[in-house]
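Okay, structure first, notes after.
Numbering (full-length UniProt numbering), first residue to last: 1 to 495.
Right under this line is the structure:
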């Protein structure tokens, strides 16, 4: 009997809507983690650029947007480290718990008055915590099912609903409290959400998860530990020293730091690709599939570069350019952050049924990616209309933002689940886990690039900004569509 089978046998196999009881633990842990993260994210941009007398930090709006993009990029990059720590040091269960604790501390730091210094300290905790928790919760969802369990895909769908339900309600609760009463109170509420998630996790993990996630898959040998921890310590110390010198001398400005993150967002996946392609463990067919994955990777970066601006450019647009008083009802600009998870929850079952109905007749993976880029491009092109009609000055109807978010979610459902599936199929066998990390780096790279793009929004017209990026996405989509037969052929039988 394999260790995987032993883990599954140790997990109570029914009890949560016909699924293993462990799914209850993971569903609500992720629900509350996403509640805390998306609640915090819904008001963070406003907290940064609102004036001091409005309870904010008074930062320049362009700087605030750039910090948000850097933040998002680092969150996704940190998942690589979180996966390594779980696999080699702590195991997934303990890594998840410690990640939740760090996230909670990060939110609570934001709840305290402390200016920009406290902001960056809280970001460091949340980046580290999310990197530890996020990839490993998904890993345990797979562990509680046998490989042949027909409920496995449905279990991931239920888990995905938990993610989006937490993200959906958070802006309404945290956003309202933060914008109407106090940003610090809103951040404190986000921290309370993570605290509730940790309580659920600790009270139910032993009973419902059994042995899942307890084992360290590839533990460091005693002789390796000292060497690895010494190397980590030296690197961390060098970063701290160089950072301190840079801040002291004034050379490490926010602009310089944003360029460093942008460079890392491009370099890290490039090194990943080169390393895997040149490895002797990668077969000839796997090299062909890896080359086929490159245009898909670049397409995903283009897509997420637009999608992730929903929390930056479109968030500020909702706050400053949108009519928020409708028929006597006062909308909060943070509420628009609920549109993405709302449309995902609504449309995901429809897409699942559509792919099931079409079966082998459904579009190939490269074609789905090209269609996703068309919808992402349209989501920005439609924003040219209110920019033109209003002259970039008068307030516009909130329905334009609703339409923009709807279009990009259609694209997301064409690309995100398909990309995850394609990554597992195209990955070289020797680098299966690393290739999954590579998929998450599409978001990291996109937000690293956004750290520069959002600055452009401050110096060009809305019409030009939305028009250029929307058109660029559609052009890339057309290129992928034209190349799709070549990409499909290079995938060597993977559809």
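From the three backbone atoms N, C-alpha and C, an ideal C-beta is built for every residue, glycine too.
Between 105, 409, 82, which lies nearest to residue 132 when the distance is taken from Cα to Cα? As a first step, residue 132 is located in the chain shown; it is residue number 132 there, counting from the start. With distances taken between CA atoms, residue 132 lies nearest to 82 out of 105, 409, 82.
Closest Cα partner of residue 456 within the set 478, 227, 313: Residue numbering aside, residue 456 sits at position 456 when the chain shown is read from its first letter. Nearest C-alpha to residue 456: 313.
For residue 186 and residue 174, believed in contact at Cβ under 8 Å, the rounded distance: The count along the chain shown starts at 1 and reaches residue 174 at position 174. The count along the chain shown starts at 1 and reaches residue 186 at position 186. The Cβ separation is near 5 Å, so the contact holds.
Quick one: grab the DSSP three-state call for residue 182. Within the chain shown, residue 182 is the residue found at index 182, counting from 1. Coil at residue 182, not helix or strand.
Can you give, in chain order, each stretch of the alpha helix (DSSP H) that sits fully within the stretch 366-441 and has at least 4 residues? 384-390, 399-426, all fully within the stretch 366-441.
In whole angstroms, what separates the C-alpha of residue 55 from that of residue 105? For the purposes of this step, residue 55 is taken as the residue at position 55 of the chain shown. For the purposes of this step, residue 105 is taken as the residue at position 105 of the chain shown. About 21 Å.
Three-state secondary structure (DSSP) at residue 332? For this step, residue 332 is matched to residue 332 along the chain shown. Residue state, collapsed to three classes: coil.
Check this for me: beta carbons of residue 113 and residue 184, under 9 Å apart or not? Residue 113 sits at position 113 when you count from the first residue of the chain shown. Residue 184 sits at position 184 when you count from the first residue of the chain shown. Yes.
For residue 279, which three-state DSSP category applies? Numbered from its first residue, the chain shown carries residue 279 at position 279. In this structure, residue 279 counts as coil in the three-state DSSP scheme.
Pair every Cβ in the stretch 234-248 with every Cβ in the stretch 162-180, then say whether three or more of these pairs are closer than 8 Å. Two segments are said to touch when three or more pairs of C-beta atoms, one from each, lie closer than 8 Å; by this definition the stretch 234-248 does not touch the stretch 162-180.
In DSSP terms, what residue 326 is bridged to: One-based indexing of the chain shown puts residue 326 at position 326. Under the DSSP definition of a beta bridge, residue 326 partners with 329.
Output the distance between the C-alpha atoms of residue 176 and residue 122, rounded to the nearest integer angstrom. Within the chain shown, numbered from 1, the residue matching residue 176 stands at position 176. Within the chain shown, numbered from 1, the residue matching residue 122 stands at position 122. Their backbone Cα atoms lie some 21 Å apart in a straight line.
What residues are listed by DSSP as bridge partners for residue 107? The residue you call residue 107 lines up with position 107 of the chain shown. Assignment of beta-bridge partners to residue 107 by DSSP yields no partner.
Assigned secondary structure, residue 1 (DSSP; H/G/I helix, E/B strand, else coil): Working through the chain shown from its first residue, we reach residue 1 at position 1. Bear in mind that the predicted position of residue 1 carries a pLDDT of just 48, short of 50, making it too unreliable to give a figure here.
CA-to-CA distance, residue 19 to residue 300, given in whole angstroms: Along the chain shown, read from residue 1 onward, the residue named residue 300 stands at position 300. Along the chain shown, read from residue 1 onward, the residue named residue 19 stands at position 19. Distance between residue 300 and residue 19, taken at the CA atoms: about 32 Å.
Straight-line CA distance for residue 215 to residue 400? Here residue 215 refers to the residue found at position 215 of the chain shown. Here residue 400 refers to the residue found at position 400 of the chain shown. When rounded, the distance between both Cα atoms is 50 Å.
Nonlocal neighbours in the same chain, by C-beta distance under 8 Å from residue 308, ignoring five residues either side: Here residue 308 refers to the residue found at position 308 when the chain shown is read from its first residue. Cβ neighbours of residue 308 beyond the five flanking positions: 69, 72, 443, 446, 447, 450.
Determine whether the beta carbon atoms of residue 303 and residue 452 lie at a separation below 9 Å. Looking up residue 303 in the chain shown gives position 303. Looking up residue 452 in the chain shown gives position 452. Against a cut-off of 9 Å, the Cβ pair of residue 452 and residue 303 comes out as no contact.
Leaving out five residues on either side along the sequence, give the residues of the same chain with a beta carbon under 6 Å from the beta carbon of residue 381. For the purposes of this step, residue 381 is taken as the residue at position 381 of the chain shown. So the qualifying residues of the chain are 470.
Buried or exposed (CB count within 10 angstroms, at least 16 for buried), residue 234: Here residue 234 corresponds to residue number 234 of the chain shown, with the count starting at 1. Counting C-beta atoms within 10 angstroms of its own C-beta, residue 234 has fewer than 16 neighbours from the protein chains shown and is therefore classed as exposed.
For residue 283 and residue 220, the rounded distance between their alpha carbons: The count along the chain shown starts at 1 and reaches residue 220 at position 220. The count along the chain shown starts at 1 and reaches residue 283 at position 283. Each residue's alpha carbon lies about 28 Å from the other.
Are the CB atoms of residue 32 and residue 194 nearer to each other than 9 Å? Taking the first residue of the chain shown as 1, we reach residue 32 at position 32. Taking the first residue of the chain shown as 1, we reach residue 194 at position 194. Yes.
Between the C-alpha atoms of residue 143 and residue 22, what's the straight-line distance to the nearest angstrom? Taking the chain shown and counting its residues from 1, the one referred to as residue 143 is at position 143. Taking the chain shown and counting its residues from 1, the one referred to as residue 22 is at position 22. For the pair residue 143 and residue 22, the Cα-to-Cα distance works out to about 10 Å.
Answer yes or no: do residue 377 and residue 486 have a C-beta to C-beta separation smaller than 9 Å? Working through the chain shown from its first residue, we reach residue 377 at position 377. Working through the chain shown from its first residue, we reach residue 486 at position 486. No, Cβ-Cβ distance for residue 377 and residue 486 is not below 9 Å.
Just mark residue 224 as buried or exposed, buried being the case when its beta carbon has 16 or more other beta carbons within 10 Å. By 1-based counting over the chain shown, the position of residue 224 is 224. That one is exposed.
Sequence-distant residues of the same chain with beta carbon closer than 7 Å to residue 482, five excluded per side: Here residue 482 refers to the residue found at position 482 when the chain shown is read from its first residue. So no residue of the chain qualifies.
For the alpha helix (DSSP H) that contains residue 116, what are its first and last residues? As a working note, residue 116 is residue 116 in the chain shown. Residue 116: member of the alpha helix (DSSP H) spanning 115-143, first to last residue.
Option nearest residue 479 by Cα separation, candidates 368, 25, 65: In the chain shown, residue 479 corresponds to position 479, counting from 1. When each option's Cα is compared against that of residue 479, the closest is 368.
Pick from 315, 211, 289, 100: whose alpha carbon is nearest that of residue 405? By 1-based counting over the chain shown, the position of residue 405 is 405. For the set 315, 211, 289, 100, the Cα lying nearest the Cα of residue 405 is the one of 315.
If I measure Cβ to Cβ from residue 420 and keep anything under 7 Å in the same chain, skipping five residues before and after, which residues do I get? Here residue 420 is taken as the residue at index 420 of the chain shown, counted from 1. Residues of the same chain with a CB within less than 7 Å of the CB of residue 420, apart from the 5 flanking positions on each side, are 439 in chain order.
Answer yes or no: do residue 75 and residue 130 have a C-beta to C-beta separation smaller than 9 Å? As a first step, residue 75 must be located in the chain shown, where it is residue number 75. As a first step, residue 130 must be located in the chain shown, where it is residue number 130. Going by C-beta atoms, residue 75 is nearer than 9 Å to residue 130.
Counting beta carbon pairs with one atom in the stretch 381-398 and one in the stretch 318-331, are three or more of them shorter than 8 Å? Counting Cβ pairs under 8 Å, three or more are found: they touch.
Determine the direct distance from the alpha carbon of residue 431 to that of residue 89, and round the result to whole angstroms. As a first step, residue 89 must be located in the chain shown, where it is residue number 89. As a first step, residue 431 must be located in the chain shown, where it is residue number 431. If I take the Cα positions, the gap works out to 19 Å.
Closer than 7 Å by C-beta to residue 85: which residues in its own chain qualify, once you throw out the five before and the five after it? Chain order, please. Position 85 of the chain shown holds residue 85. Correct list, in chain order: 95, 132.
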